[in-house]
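> Got a structure here, written out as structure tokens. Questions coming.
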Amino acid sequence: MRIYLDKNKKELSTVICNQCKKELNVKNGIIKEGCFSGNIQFGYFSNKDGSRHSFDLCEECYDKMIKGFAIPVEEEEAVELI
Numbered sequence: 154m155r156i157y158l159d160k161n162k163k164e165l166s167t168v169i170c171n172q173c174k175k176e177l178n179v180k181n182g183i184i185k186e187g188c189f190s191g192n193i194q195f196g197y198f199s200n201k202d203g204s205r206h207s208f209d210l211c212e213e214c215y216d217k218m219i220k221g222f223a224i225p226v227e228e229e230e231a232v233e234l235i
């Protein structure tokens, strides 16, 4: 869950893990630790037509989530970190 200082959602204030409620470290609008952000807009042929879901997970909760996958996530080394 993201909390912004302004209505236009330009200046990030706080990020809270939707799973465990841990408050992630945010400094000057930048997340300073591992965070997974999910965002999906459901379309036709789903039971959630026209609905948008978004959430944030801390790194620990992300690790717990992917541990239960039947097919492991694809992982590759990033050459440049932004």
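In terms of my numbering, the sequence shown opens at residue 154 and continues consecutively.
All C-beta atoms in this analysis are idealised placements derived from N, C-alpha and C, irrespective of residue type, glycine included.
1. Given this structure, state the Cα-to-Cα distance separating Leu177 from Glu228, to the nearest angstrom.
2. Within the same chain, show all residues whose beta-carbon is closer than 6 angstroms to that of Ile169, passing over the 5 residues directly before and after it, in chain order.
3. Between which residues of its own chain and Asp209 is the CB-CB distance below 8 angstroms, once the five residues before and five after are set aside?
4. State yes or no: is the C-beta of Ala223 nearer than 6 angstroms to some heavy atom of the ligand FMN?
5. Write down every uninterrupted run of the alpha helix (DSSP H) in the segment 168 to 223 whose length is 4 residues or greater and which is fully enclosed by it, in chain order.
If we stick to the structure as given:
1. Your numbering for residue 177 matches position 24 in the sequence shown. Your numbering for residue 228 matches position 75 in the sequence shown. Leu177 and Glu228: Cα-Cα distance of roughly 24 angstroms.
2. Within the sequence shown, numbered from 1, the residue matching residue 169 stands at position 16. Contacts found: Met154, Glu176.
3. Residue numbering aside, residue 209 sits at position 56 when the sequence shown is read from its first letter. Correct list, in chain order: Met154, Arg155, Val168, Ile169, Cys170, Asn171, Leu177, Cys188, Phe189, Ser190, Gly191.
4. Summarising the ligand content, the structure contains no ligands, and the ligand FMN is consequently not present.
5. 212 to 220
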